[in-house]
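Chemist: Read left to right, the sequence shown gives residues 1 to 319 (full-length UniProt numbering).
Beta carbons: idealized from backbone N, C-alpha and C, even for Gly.
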Amino acid sequence: MARYGYYSMESNEISFSEGEHLGILEKESSFWWKGISLVSYDKGYIPSSCVYSLLESLQLLEFILSVEEVSLPILQKIRNDSFSNDEKASLFLEIINDDHIMIPALRQDKEQHDNGVTGRVNWDSDWVFLDSPSPVQCNEAFDNNHEEIKLSFSSTCTNSTVSLLSSTKLHTLHLRRLEIWRTPLTNDCIQYLCTLLTNNETIQELVINGHSISDRGVIYVCQALEHNSTLTLLDLYRNPLITSASEQALSHLLFNNSSLVKLDLWRTSLSSHSILCILQSLSNNNKNLTTLTLDKQHEKTCINTIPSYHLIQDRVRWW
Numbered sequence: 001m002a003r004y005g006y007y008s009m010e011s012n013e014i015s016f017s018e019g020e021h022l023g024i025l026e027k028e029s030s031f032w033w034k035g036i037s038l039v040s041y042d043k044g045y046i047p048s049s050c051v052y053s054l055l056e057s058l059q060l061l062e063f064i065l066s067v068e069e070v071s072l073p074i075l076q077k078i079r080n081d082s083f084s085n086d087e088k089a090s091l092f093l094e095i096i097n098d099d100h101i102m103i104p105a106l107r108q109d110k111e112q113h114d115n116g117v118t119g120r121v122n123w124d125s126d127w128v129f130l131d132s133p134s135p136v137q138c139n140e141a142f143d144n145n146h147e148e149i150k151l152s153f154s155s156t157c158t159n160s161t162v163s164l165l166s167s168t169k170l171h172t173l174h175l176r177r178l179e180i181w182r183t184p185l186t187n188d189c190i191q192y193l194c195t196l197l198t199n200n201e202t203i204q205e206l207v208i209n210g211h212s213i214s215d216r217g218v219i220y221v222c223q224a225l226e227h228n229s230t231l232t233l234l235d236l237y238r239n240p241l242i243t244s245a246s247e248q249a250l251s252h253l254l255f256n257n258s259s260l261v262k263l264d265l266w267r268t269s270l271s272s273h274s275i276l277c278i279l280q281s282l283s284n285n286n287k288n289l290t291t292l293t294l295d296k297q298h299e300k301t302c303i304n305t306i307p308s309y310h311l312i313q314d315r316v317r318w319w
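#1: From the DSSP output, in three-state form, read off Ile36 for me.
#2: Evaluate Gln112 with the Cβ neighbour count: other Cβ atoms within 10 Å of its Cβ, from every protein chain shown; 16 or more gives buried, anything less gives exposed.
#3: Distance, Cα to Cα, residue 325 vs Met102?
#4: With respect to the beta strand (DSSP E) encompassing Glu111, which residues constitute its N-terminal and C-terminal limits?
#5: Where does Gln218 sit, in a helix, a strand or coil, going by DSSP?
#6: Who are the near neighbours of Tyr4 in its chain, counting only those whose CB is closer than 6 Å to its CB and skipping five residues on each side?
#7: Can you tell me whether Lys300 is buried or exposed, with buried defined as 16 or more other CB within 10 angstroms of its CB?
#8: Should Asp99 and Asn187 be called a contact, given that it needs their Cβ atoms to be closer than 7 Å?
#9: Taking 8 Å as the limit between beta carbons, can you name the residues of its chain near Leu65, skipping five residues before and five after?
#10: Would you mind giving the Cβ-Cβ distance between residue 320 and Phe129, rounded to the nearest angstrom? I have them listed as a contact below 8 Å.
#11: Quick test of your reading: Tyr45 and Lys27, contact by CB under 8 Å. State the CB separation rounded to the nearest angstrom.
#12: With a CB to CB cut of under 8 Å and the five nearest residues on each side skipped, what residues in its chain are close to Arg317?
#13: Could you have a look at Ile208 and say whether DSSP puts it in helix, strand or coil?
#14: Given a threshold of 16 other Cβ atoms within 10 Å of its Cβ, counted over all protein chains shown, does Ser84 qualify as buried or as exposed?
#15: For Lys110, collect the residues of the same chain with a Cβ closer than 7 Å to its Cβ; drop the 5 residues on either side in sequence, then sort them by chain order.
#16: Would you kindly work out how many angstroms separate the C-alpha atoms of Asp114 and Glu68, rounded to a whole number?
#17: Rounded to whole angstroms, what is the Cα-Cα separation between Ser251 and Ala245?
#18: Between the Cα of Ser269 and those of Asn304, Ser82 and His211, spot the shortest distance and give me the residue it belongs to.
#19: Could you check the C-alpha separation between Leu58 and Leu75 for me, to the nearest Å?
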């Protein structure tokens, strides 16, 4: 079943509405599955983060109960032996209903656990790249001698993400650029990230892409950045769980933040109405942003609706 609606942006994708029944034909990758709408019978790719089934949820609960270590405090409660199985299932369903990116995060955890994925860490004098790292690799990845760090991590399990973002060493680095790819950030991970953003005065570029963040994460990140004076780039592209619920937070960010120069919202699920509100905020209140990247499907509506669009057209990129 579709937990969230999705508007296709490529010819090989399909659109569907919230609550629509879908059939899964092939789980080709962690984040893109081949499927069929059982309403329109269209076939194509669908973002797996928009799909939900009760059976899979119970299988993920079984996985949580079977592994040796769970780092998220909210999931640790489920492992409490004083709860009955029904109570554990009920609590787990409450958690995934509250945290919309929890299911994608646990899918990735289970996949890496089942496949025995071995992480790797590559670094140079000014950057560190972590691909599916273990918590130990995360803790050992940093060198205090680095004067400038570009930290990237990809396809990271929840335990490692928590270990990385909560690391006290991370707060001591002269961190210039932070990139997070294909790593679903649960509510707990977002809180650690926002603490870092609030306390850090060196981060200039933040990239969170590839099914890594949902509306709640965007809202918290925008709040953490509203009065930030160092960040110049915020890249949130290819995150289908960014919907119209993020509209107000993004508009407020453009209203309050004075340092941001580039904002990328390409391949999100923001509606045309939300894009109009964001552009209105750009037009009325923000003179510093030079590049706002948006989905081309909204271009005609925005051009025809905003009377003063010609004043901001050089600052907007439609893709």
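Modeler: Taking the structure as given:
#1: Three-state DSSP puts Ile36 in a strand.
#2: Per the 10 Å Cβ criterion, buried.
#3: The displayed coordinates of the chain run from 1 to 319. Any statement about residue 325 would go beyond what the structure contains.
#4: It is not in any beta strand (DSSP E) - Glu111 instead sits in the alpha helix (DSSP H) that spans Met102 to Asn115.
#5: Here residue 218 turns out to be Val, not Gln, going by the sequence shown. Of the three classes helix, strand and coil, the one that applies to Val218 here is helix, per DSSP.
#6: Excluding sequence positions up to five before and after Tyr4, its CB lies within less than 6 Å of the CB of Glu18 and Cys50, all in the same chain and listed in chain order.
#7: Its Cβ having fewer than 16 others within 10 Å, Lys300 is exposed.
#8: With a cutoff of 7 Å on beta-carbon distance, Asp99 and Asn187 are scored as near each other.
#9: The beta carbon of Leu65 sits closer than 8 Å to those of Ile78, Arg79 and Lys88, all from its chain and outside the five residues before and after it, given in chain order.
#10: Shown here, the chain extends from 1 to 319; a query on residue 320 therefore has no answer.
#11: Wrong, their Cβ atoms sit about 11 Å apart, outside the cutoff.
#12: Only Thr291, Leu292, Thr293 and Leu294 meet the Cβ criterion.
#13: Look at Ile208 here: in three-state DSSP terms it is strand.
#14: If you draw a 10 Å sphere on the C-beta of Ser84, you find fewer than 16 other C-beta atoms in it, and that means exposed.
#15: Short of 7 Å from the beta carbon of Lys110, and not among the five residues preceding or following it, lie these beta carbons of its own chain, in chain order: Leu60 and Phe63.
#16: Computed Cα separation, rounded: 14 Å.
#17: When only Cα atoms are considered, Ser251 and Ala245 end up about 11 Å apart.
#18: With respect to the C-alpha of Ser269, the residue from Asn304, Ser82 and His211 having the closest C-alpha is His211.
#19: Looking at the two C-alpha atoms, the distance is approximately 14 Å.
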